[in-house]
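Undergrad: Please read through the structure below; I'll follow up with questions.
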Amino acid sequence: MPYLNFSQQVKSELVRVQPDHLDCKRAELIALLQSAGALHIGVNGPSLEIKTENAALARKVVSYFRALGQNSTELLVEKETRLRKHNLYRVRMRVDLDQSDLSNTLITNILNKSVPDLGEECCRRSYLRGLFLGSGSIQHPERTYHLEIRFNDISFAEKVRTFLDQLGFNFGIVERRNEYLLYVKDGESVATFLTMAGAHKALLEMENIRIIKEIKNDVNRVVNCETANLEKTATASANQLKAIELLEENGWLTKLPQGCLEVARARKENPHASYVEIAEILGVGKSAVSYRLKKIEKEAEKIAMNRRNKDDNEE
Ligand SMILES: [Zn+2]
569 MPYLNFSQQV KSELVRVQPD HLDCKRAELI ALLQSAGALH IGVNGPSLEI
619 KTENAALARK VVSYFRALGQ NSTELLVEKE TRLRKHNLYR VRMRVDLDQS
669 DLSNTLITNI LNKSVPDLGE ECCRRSYLRG LFLGSGSIQH PERTYHLEIR
719 FNDISFAEKV RTFLDQLGFN FGIVERRNEY LLYVKDGESV ATFLTMAGAH
769 KALLEMENIR IIKEIKNDVN RVVNCETANL EKTATASANQ LKAIELLEEN
819 GWLTKLPQGC LEVARARKEN PHASYVEIAE ILGVGKSAVS YRLKKIEKEA
869 EKIAMNRRNK DDNEE
């Protein structure tokens with residue numbers, strides 16, 4: 569299988585969704601014709617036409633037309649050329665306004681560009697699927713969450729947006745090069761859309777990527793937090809060692825209580841140890857270590873202050 573981008577992957581999955589319900593097929597077909605079809609006027613009269621490079625989609629449209637009783641459907645293939653890398657498929661259904669109820673419904677919906685009445689949940693989902701198959705695209709979730717559906721008619725885009733609102737979505741709308749895009753950019757909405765349209769494999773892939781992203785974020789957060797703690801320990805330890813050194817130079821260290829002496833020695837021997845580690849070495853509590861190291865620093869501060877005062881007086 570050739571490499572597919574994520575849009576193609578989702579579409580190749582959605583093309584294979586085959587609803588049993590006839591109304592679902594009708595809803596999906598209407599959405600497809602509205603988003604990717606056109607009314608074609610040929611020598612034999614008007615016909616509805618869909619052009620696509622996706623062979624499976626062309627076959628699906630033919631099978632839907634037939635399921636809905638339209639046997640005057642033709643499938644035309646234009647072979648690949650130098651200018652076009654893929655075959656182009658045209659599915660045409662001749663329109664006989666007097667004869668068929670279906671073509672009336674289809675024509676009315678397509679020409680009016682309105683969202684049909686979709687009574688049932690399954691049909692609404694099918695309509696979504698048809699819209700996406702006809703003119704949707706989705707970014708690979710590894711890069712960013714973004715799903716959009718293109719329209720060349722703003723009033724139809726607004727109607728579809730209202731329909732999507734009713735389904736609980738909150739699509740934005742933007743104009744780009746004479747097209748109107750309905751889009752969502754949050755993972756939650758993209759995931760819900762894929763679920764409703766029936767792209768469960770794509771959804772699973774997206775979920776996996778989301779979990780991996782979250783784990784990566786968590787690991788980064790933990791690493792950052794540990795790094796910050798290590799830095800704090802290192803700074804504190806450096807200050808304590810300076811204090812111990814100062815007390816030693818001035819012969820003050822041995823005048824401190826036994827507990828302080830022990831902590832000072834342990835700190836000198838383990839400059840990178842945390843309070844908990846020093847506490848373990850000495851077999852005392854962490855708060856005792858913290859208290860004694862603070863006392864050492866305070867004593868050293870006193871000496872430093874005395875020295876500064878002396879220096880000031882001598883000047
Ligand atoms: Zn249905």
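For the sequence shown, this note's numbering assigns the number 569 to the initial residue and increments by one for each residue that follows.
The beta carbon of each residue, even a glycine, is placed where N, CA and C say it ideally should be.
These figures come from a predicted structure and were not determined experimentally.
(1) Have a look at Glu648 and Leu656 and give me their C-alpha separation to the nearest angstrom.
(2) Go to Thr712, then tell me how far its alpha helix (DSSP H) extends in each direction, as first and last residue.
(3) At what residues does the alpha helix (DSSP H) containing Val758 begin and finish?
(4) Of the choices Glu716, Leu696 and Tyr748, whose alpha-carbon is the least far from that of Ala765?
(5) What is the rounded straight-line gap between the Cα of Ala624 and the Cα of Tyr632?
(6) Quick check on DSSP: helix, strand or coil for Arg833?
(7) Do the CB positions of Leu732 and Ile741 come within less than 8 Å of each other?
(8) Which residue marks the beginning of the beta strand (DSSP E) containing Lys619, and which one marks its end?
(9) Hey, quick one: how far does the alpha helix (DSSP H) through Gly887 stretch, first residue to last?
(10) Sorted by chain position, which residues of the same chain lie with C-beta nearer than 8 Å to Ile678's C-beta, five sequence neighbours on each side aside?
(11) Do Cys793 and ligand 1 come close, with the Cβ less than 7 Å from some heavy atom?
(12) Do the region 759-778 and the region 795-809 touch if we need at least three Cβ pairs shorter than 8 Å?
(13) By a C-beta neighbour count over all protein chains shown, 10 Å radius and 16 as the cutoff for buried, is Met569 buried or exposed?
(14) For His840, which of helix, strand or coil comes out of DSSP?
(15) What does the alpha-carbon distance come out to for the pair Thr712 and Leu701?
(16) Candidates Asn680, Thr801, Leu643 and Val659: which alpha carbon is nearest Phe724's?
(17) Where Lys628 and Gln586 are concerned, what is the direct C-alpha to C-alpha distance, given to the nearest angstrom?
(18) Please confirm whether Ile780 and Ile812 have their CB atoms less than 8 Å apart.
(19) Are the region 858-876 and the region 811-825 in contact at 8 Å, needing three or more beta carbon pairs?
(20) Would you tell me roughly how many angstroms separate the C-alpha atoms of Asn788 and Glu794, rounded to the nearest one?
(21) If you check the beta carbons only, do Thr801 and Ser842 fall under 8 Å apart?
(22) Given this structure, state the Cα-to-Cα distance separating Arg658 from Glu621, to the nearest angstrom.
(23) Judging by CA-CA distance, which residue of Gly687, Met774, Asp664 and Leu821 is the nearest neighbour of Leu715?
(24) Residues with a Cβ closer than 7 Å to any heavy atom of ligand 1, in chain order?
(25) List the residues that DSSP assigns as beta-bridge partners of His608.
(26) Taking DSSP as the reference, what is the three-state secondary structure of Thr641?
(27) Going by DSSP, what residue range makes up the alpha helix (DSSP H) through Leu750?
(28) Look up Val659 in the DSSP assignment and give the residues it is bridged to.
(29) Could you give the DSSP three-state label for Leu740: helix, strand or coil?
TA: In short:
(1) Sequence index remark: in the sequence shown, residue 648 carries index 80 (1-based). Sequence index remark: in the sequence shown, residue 656 carries index 88 (1-based). Here the alpha carbons of Leu656 and Glu648 stand approximately 7 Å from one another.
(2) For this step, residue 712 is matched to residue 144 along the sequence shown. No alpha helix (DSSP H) holds Thr712; DSSP gives it neither H nor E.
(3) Numbered from its first residue, the sequence shown carries residue 758 at position 190. Unbroken alpha helix (DSSP H) run through Val758: Gly755 to Ala765.
(4) To locate residue 765, count along the sequence shown from 1; it is residue 197. Closest in alpha carbon position to Ala765, among Glu716, Leu696 and Tyr748, is Leu696.
(5) Translated into the one-based positions of the sequence shown, residue 624 becomes position 56. Translated into the one-based positions of the sequence shown, residue 632 becomes position 64. Cα to Cα, Ala624 sits roughly 12 Å from Tyr632.
(6) As a position in the sequence shown, residue 833 is number 265, starting the count at 1. Helix at Arg833.
(7) Here residue 732 refers to the residue found at position 164 when the sequence shown is read from its first residue. Here residue 741 refers to the residue found at position 173 when the sequence shown is read from its first residue. No. Outside cutoff.
(8) Numbered from its first residue, the sequence shown carries residue 619 at position 51. Where Lys619 is concerned, the enclosing beta strand (DSSP E) starts and stops at Gly613 to Thr620.
(9) There is simply no residue 887 to check, as the chain begins at 569 and stops at 883 in what is shown.
(10) Residue mapping note: residue 678 aligns to position 110 of the sequence shown, counting from 1. Contacts found: Ile598, Leu601, Gln602, Gly605, Leu607 and Leu616.
(11) As a first step, residue 793 is located in the sequence shown; it is residue number 225 there, counting from the start. Not under cutoff, so the answer is no.
(12) The way I'd put it, the region 759-778 doesn't touch the region 795-809; fewer than three beta-carbon pairs between them come closer than 8 Å.
(13) Counted from its first residue, the sequence shown places residue 569 at position 1. Because Met569 carries a pLDDT of 45, less than 50, the predicted location of this residue cannot be relied on, and no value is offered for it.
(14) The residue you call residue 840 lines up with position 272 of the sequence shown. Coil.
(15) Taking the first residue of the sequence shown as position 1, residue 712 is located at position 144. Taking the first residue of the sequence shown as position 1, residue 701 is located at position 133. Using only the alpha carbons, I get a separation of about 20 Å.
(16) Here residue 724 refers to the residue found at position 156 of the sequence shown. For Phe724, the closest alpha carbon among the candidates Asn680, Thr801, Leu643 and Val659 is that of Asn680.
(17) By 1-based counting over the sequence shown, the position of residue 628 is 60. By 1-based counting over the sequence shown, the position of residue 586 is 18. Those two C-alpha atoms are separated by around 9 Å.
(18) Stepping through the sequence shown from its first residue, residue 780 is reached at position 212. Stepping through the sequence shown from its first residue, residue 812 is reached at position 244. In terms of Cβ geometry, Ile780 and Ile812 do not form a close pair [threshold 8 Å].
(19) Counting Cβ pairs under 8 Å, three or more are found: they touch.
(20) Against the sequence shown, residue 788 aligns to sequence position 220. Against the sequence shown, residue 794 aligns to sequence position 226. Approximately 10 Å, taken between the alpha carbons.
(21) Numbered from 1 along the sequence shown, position 233 holds the residue referred to as residue 801. Numbered from 1 along the sequence shown, position 274 holds the residue referred to as residue 842. Contact flag set, yes.
(22) For this step, residue 658 is matched to residue 90 along the sequence shown. For this step, residue 621 is matched to residue 53 along the sequence shown. The C-alpha of Glu621 is placed about 9 Å away from the C-alpha of Arg658.
(23) Translated into the one-based positions of the sequence shown, residue 715 becomes position 147. Selected option, being the one with the closest Cα: Met774.
(24) Those residues, listed in chain order, are Pro587, His589, Asp591, Cys592, Ala595, Glu688, Cys690, Cys691 and Ser694.
(25) Against the sequence shown, residue 608 aligns to sequence position 40. Looking at the DSSP output, His608 sits in a beta bridge with Ser615.
(26) For the purposes of this step, residue 641 is taken as residue 73 along the sequence shown, with counting starting at 1. Of the three classes helix, strand and coil, the one that applies to Thr641 here is strand, per DSSP.
(27) Within the sequence shown, the letter at position 182 stands for residue 750. Looking at the DSSP string, Leu750 is not in any alpha helix (DSSP H); the run it does join, the beta strand (DSSP E), is Glu747 to Val752.
(28) Sequence index remark: in the sequence shown, residue 659 carries index 91 (1-based). Note: Val659 sits in a beta bridge opposite Ile618 and Leu643.
(29) As a first step, residue 740 must be located in the sequence shown, where it is residue number 172. Note on residue identity: the sequence assigns Gly, not Leu, to residue 740. DSSP places Gly740 in strand when its eight states are reduced to three.
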